[in-house]
Amino acid sequence: MRIGILAVQGAFIEHEKQIAAVAEHSGEQIECIEIRQKKDLEKVDGIILPGGESTVQGKLLKDLDIFDELQGLIIQGLPTLATCAGLILLAQTLENDSVKHLSTLPVTVQRNAYGRQLGSFSVSSNVGEINNFPLVFIRAPYITEVSSDTKILTTVDHHIVGVEYKNQIGLAFHPEMTNDTRIHEYFIRKVNNYLLLL
Ligand code: GLN
-7 MRIGILAVQG AFIEHEKQIA AVAEHSGEQI ECIEIRQKKD LEKVDGIILP GGESTVQGKL
53 LKDLDIFDEL QGLIIQGLPT LATCAGLILL AQTLENDSVK HLSTLPVTVQ RNAYGRQLGS
113 FSVSSNVGEI NNFPLVFIRA PYITEVSSDT KILTTVDHHI VGVEYKNQIG LAFHPEMTND
173 TRIHEYFIRK VNNYLLLL
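Numbering (this note's numbering), first residue to last: -7 to 190.
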């Protein structure tokens, strides 16, 4: 399988390392490709949108002519794992921002929801079926509203910080900044299921 990782800005290398670790544990052949232009999206079986700065990433998606193709692939059901700024790119509504980006995930997100200075912390919580996952937050958003068909994967202090809708997983935290590969494993299983149904 081939996983495309958006590599225009932000923490994409960390995701590549996690996917490499998953490939090593499972013995599965998983190739990572860094997405920097539209043609890099050809033949990918899943997409990762990393953390970073969503305004910059959103602008680069347009400037580099990746936006329409990427949005189309996600709408068609290509499995997508989005963390932090990636979640902001997917959200249909941003509470404190006049722009919106890919708008494929039916949730409302508040950017920098924990404040800019005190915005980095970590806690442990269950994420869907995964127990005690270390959640690392860096100037993180949280989700204030979800559609009725969006599954809530995890909450911290009553705020929603992880969701799944169809083939999209949106996380306010950074599983790629930990040594725990279970969320990336879960994503790879989702990609395998998607490929079986094609
Ligand atoms: N605060 C960033 C934004 O609004 C997201 C932070 C992150 O990805 N760690 O884009």
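Quick reminder that beta carbons are idealized off the backbone N, C-alpha and C, glycines included.
The residues 119, 120, 154, 155, 156, 161, 163, in chain order, have a CB closer than 8 Å to that of residue 145 in the same chain once the five nearest residues on each side in sequence are set aside. Excluding its 5 nearest sequence neighbours in each direction, residue 11 has C-beta neighbours in its own chain below 7 Å: -5, 22, 24, 176, listed in chain order. Residue range 174 to 189 is occupied by the alpha helix (DSSP H) that includes residue 186. Put simply, the backbone Cα of residue 4 is about 19 Å away from that of residue 70. CA-to-CA, the gap between residue 90 and residue 104 works out to about 14 Å.
Here the C-alpha atom of residue 16 lies approximately 15 Å from the C-alpha atom of residue 178.
A distance criterion of 6 Å places the beta-carbon of residue 77 in contact range of ligand 1, judged by its closest non-hydrogen atom. For residue 162, the uninterrupted beta strand (DSSP E) segment begins and ends at 160 to 163. Taking the Cβ atoms as the reference, residue 166 lies roughly 6 Å from residue 75, within the contact range of under 8 Å.
Closest option to residue 182, judged by alpha-carbon separation, among 2, -3, 32, 38: 38.
The shortest CA-to-CA distance from residue 67 to any of 98, 114, 129, 174 is the one to 98.
Annotation for residue 63: 94, 96 place their beta carbon closer than 7 Å to its own, counting only its chain and skipping 5 residues before and after. In chain order, 83, 84, 85, 86 place their CB closer than 8 Å to the CB of residue 92, counting only its own chain and leaving out the 5 sequence neighbours on each side.
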